[in-house]
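The listed protein sequences derive, respectively, from chains F and S. Going by the numbering used here, the first sequence opens with residue 259, and the numbers climb by one from there. Going by the numbering used here, the second sequence opens with residue 455, and the numbers climb by one from there. Encoded as structure tokens, the structure appears first; notes follow it.
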Amino acid sequence: MISTGSRHRKYTILPLTRVEGHGKVTIHMNGEGEVEQARLHIVEFRGFERFILGRPYWEIPVIVQRLCGICPVSHHLAAAKAMDRIVGGEHLTPTAEKIRRLMHYGQIFQSHALHFFHLSSPDFLFGTDGTAASAFEAPAEQRNILAVAARYPQLAVQGVMMRRYGQEIIRATAGKKIHGTGAVPGGVNKNLSLSERDVLLKEAERMLEWARGALRLARDFTMDHLAELIPFGSFDSNHLSLVRESDGALDLYDGVLRAVDKDGRKLVDDVNCQRYLEVVREEVRPWSYMKFPFLRELGPEQGWYRVGPLARMNTCSFIGTPEADAAHREFMELNQGRPNNVTMCYHWARMIELLHSIEAIRDLLDDPDLQGDDLVVSGPRREEAVGLLEAPRGTLFHHYRVNRNDEVTMCNLIVSTTSNNEPMNRAVTKVAKDHFTGRKEIPEGLLNHIEVAIRAYDPCLSCATHAVGGMPLAVELRDASGALVDRRVRDAV
Amino acid sequence: MKTVTFTIDGKIVRADKGQTILKAAEAAGIYIPRLCACKDLVPHGSCRVCSVRVNGRIQASCVQTAAEGAIVESETDELREYRRNIIDMLFVEGNHFCMFCEKSGFCELQALAYRFGITAPKYRLLYPKRDIDLSHPEVYLDHNRCILCGRCVRASQDLDRKNVFQFVERGCRKRLQVNGEALSDTDLRAADQAVSACPVGALMRKRVGYAVPVGRRPYDEVPIGRDIEKKGEE
Ligand code: SF4
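As structure tokens, this is what we get:
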């Protein structure tokens, strides 16, 4: 709080800024009382990039998983991909590449299933069955998984089982459900035994069926509430992701960089991951600890982009598994084949990927290469390498330098939530402008709306790990002079 | 060869004359926890994890020879607590991040912690500032994980006939030093017994990393000491 005395200006750190895990949003009004801008303040822990300096490179894929409790496998694999190049082993054996892909699809499947069941299904279900007047304004007591479990017990069970299935895949390929060691520089440390495969195969069809159901739910919800969803937190943007090198198909594990603008024009295409710095830069802004990445050619003003499921639907030319591909075509029809810029369509896109990942898992499980014994390769050493990957929430960049003594001497990471930093700020600004311009105080509904907008991006923030309706949020309203007008805090439920 | 007879926790044990209590117990299928003791190395009784009561007095069983008629107590609540405290202190004295340490599953300190049911540190973590020496092409030394057991010191001198390691300073300032500016100045080789003698992840072969998957590492399935106890059950 700031109080201006005759000679002194007093700064007091508000308790809420110290409350760990709260998402903090400030809404800035102009002189006319209109919303000028809203800012989402994210405290990102960058100490990690320092912490690993001096450590031997082969430890890194295992250490970096600790960076994030939400998708450790993504960090594990992105770091391993970089270390593959360090040991000259980037051309993995078929067994190693397929085991890693299986691990990754397992991670995508469990992460998307978690998001669907815990975070979006209450909105989908209670928004469509007539119990709520508006798509995401079901009564607060319904907006949680307990209400889903009570009313749709089968679906609740599906959510839990799908998540568990993904985790079992991770366990079978990485050795543990969380923080395994499966990917090593140049390959993997285990194959998939026939008995492990059979356990997974037995459940695959059922998972596929449930994924189809989840996708139907997300699509129907979107189509039924289009008029309301299209403007909600939406804005035009660029989109970035990896796509398969040969044909531009969706590829979550590997590929080349592609970015398109709001109309689908290719801004970046076919760029090798090792050259990511030629196309992506990061901007620092004084009010945020988190950096703002942008496409170098367009600059920070125009070059910011979205990542994640929505972006991937917009960048890829098609999807390599048939059911997800059909779903992708239908999704793209919404905007006549041009990119979909609707924030709330992240959910639908996420469910298309859920289906794609289980299709890919099922196909992989039939592949005898998974039982191969040729696990690790190496070649001439390199001193610098980049590993990129499409994590559940978007493109993940890992960049390292390793000296001759095997010590890591430089590390740069861009996590997907960092790439979505500007988009989330835009989404929150849009929500604030549309719903709250001209008000003097923050209505309770604002917190829900802000939560819905942030959630669409499924950010890996600690506040976002709470169940829907329970995201701990602090929202401040500030006038043109910067003075605090109102503040509302909601603690975690 | 002359033998002596004594008891450990009431069980009659026979030992060759001059044999240590630890060795005699082992031959009889009784496991006494230990860290600084290691097959083929002259014991020096520094870690005190193998402490037992011999006729009422606490002794390190790795150096104490078995005497005729001695009454040895090992698995008592008091001694278990005593050993547990030593293990607890070893953890907080260094920087042990088992969750990403490549010695996990192979590490005797970690295995002992599991055996004693230690899941979280009991004492305040000291977070000492320690270095890692990656200068050598084949081997690295991570002082963060060194527990000063002296196994590498003895193995280098007695088995490898080299003199790569030594202790410097005393008390809480005691630390392991290499014979040179850095490990790369020494004549240490990856195949040296000194390297395999390290019970923790301090002295490690480079670029091995996590080659063995979780679930197949020695202590994933079989707790430390179980091999010795099994002999006693046969
Ligand atoms: S040396 Fe052993 S106790 Fe120390 S971190 Fe490694 S596994 Fe854990």
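Yeah, the Cβ is synthetic: ideal placement off N, Cα and C, and Gly gets one too. The structure displayed is predicted, hence computed values, not measured ones.
Excluding residues up to 5 positions away in sequence, GLY281, LEU705, ARG748 lie with their Cβ nearer than 6 Å to the Cβ of LEU731/F in the same chain. Here ALA520/S is actually not in contact with ARG502/S; their C-beta atoms are around 19 Å apart, not less than 8 Å. Contact residues of the region 335-360 of chain F toward chain S are VAL345 (C-beta to C-beta distance below 9 Å).
Assigned with DSSP and collapsed to three states, GLY703/F falls in helix. Approximately 27 Å separates the beta-carbon atoms of PHE374/F and ALA296/F; this is outside 8 Å, ruling out the contact.
Following the DSSP letters along the chain, one finds SER499/F inside the beta strand (DSSP E) bounded by residues 496-501. Every residue whose Cβ sits closer than 6 Å to any heavy atom of ligand 1 is listed here in chain order: HIS550/S, PHE551/S, CYS552/S, CYS555/S, LYS557/S, SER558/S, CYS561/S, LEU563/S, GLN564/S, ARG599/S, VAL654/S, GLY655/S. Counting along the chain, the unbroken alpha helix (DSSP H) around ASP621/F starts and ends at 604-623.
Residue state for GLU648/F is assigned as strand, using DSSP reduced to three classes. At least one beta carbon of chain S lies nearer than 8 Å to the beta carbon of ASP664/F.
Annotated three-state conformation of PRO314/F is strand, per DSSP. A Cβ-Cβ distance of about 21 Å is found for the pair LEU568/F and TYR534/F, leaving them out of contact under the 8 Å criterion.
Taking CYS718/F as reference, the option from SER332/F, GLY630/F, ARG640/F with the minimal CA-CA separation is SER332/F.
Apart from sequence neighbours up to five positions away, the residues of its chain that approach GLY444/F with a beta-carbon distance below 6 Å are ASP342, VAL345, GLY347, VAL634, VAL635, SER636, ordered along the chain. Contacts between GLU317/F and chain S, judged by CB atoms closer than 9 Å, involve PHE554, CYS555, GLU556, GLY663, TYR664 in chain order.
In terms of beta-carbon proximity, GLY637/F stays away from the interface with chain S, with every pair separated by 8 Å or more. Here LEU623/F has ARG455, LEU458, LEU459, ALA462 as same chain residues with Cβ atoms under 7 Å from its own Cβ, once five neighbours each way along the sequence are excluded. Nearest CB-CB separation between ARG324/F and chain S: below the 8 Å threshold. Listed in chain order, the alpha helix (DSSP H) runs fully inside the region 569-652 of chain S are 605-608, 647-651, counting runs of at least 4 residues. PRO551/F is bridged by DSSP to GLU540/F.
Your pair ALA644/S and VAL593/S checks out as a contact, with CB atoms roughly 5 Å apart and the cut at 8 Å.
Secondary structure within the region 397-453 of chain F: not one fully enclosed beta strand (DSSP E) run of 3 or more consecutive residues is present.
Residue environment: SER378/F is assigned as buried (16 or more neighbouring CB atoms within 10 Å of its CB, all protein chains considered). Between GLY559/S and ASP627/F, the alpha-carbon positions lie close to 28 Å from each other. ASP596/S is not a Cβ neighbour of LEU637/S, given a cutoff of 8 Å. The beta-carbon distance between LEU335/F and PHE306/F, rounded to whole angstroms, is 17 Å. This is too long to meet the 8 Å contact definition. The contact set of LEU588/S on chain F, defined by CB atoms closer than 7 Å, consists of PRO314, ASN663, ASP664, GLU665 in chain order. Against chain S, the beta carbon of VAL442/F has neighbours under 9 Å at GLY663, TYR664, ALA665, listed in chain order.
Using a Cβ-Cβ cut-off of 8 Å, THR439/F counts as an interface residue toward chain S, since at least one Cβ of chain S sits closer than that to its own.
Excluding the 5 residues flanking it on each side, ASN678/F has same chain C-beta neighbours closer than 8 Å at ARG564, VAL565, GLY566, ARG651, GLY652, TYR715, PRO717, in chain order. In terms of beta-carbon proximity, TYR594/S lines the interface with chain F, with at least one pair separated by less than 8 Å. For LYS684/S, the enclosing alpha helix (DSSP H) begins and ends at 680-687. Our two residues, ASP625/F and ARG488/S, have alpha carbons roughly 47 Å apart in a direct line. Interface criterion not met: the Cβ of VAL654/S is under 8 Å from no Cβ in chain F.
Distance from the CA of ILE712/F to the CA of SER492/F, rounded to the nearest whole angstrom, comes to 12 Å.
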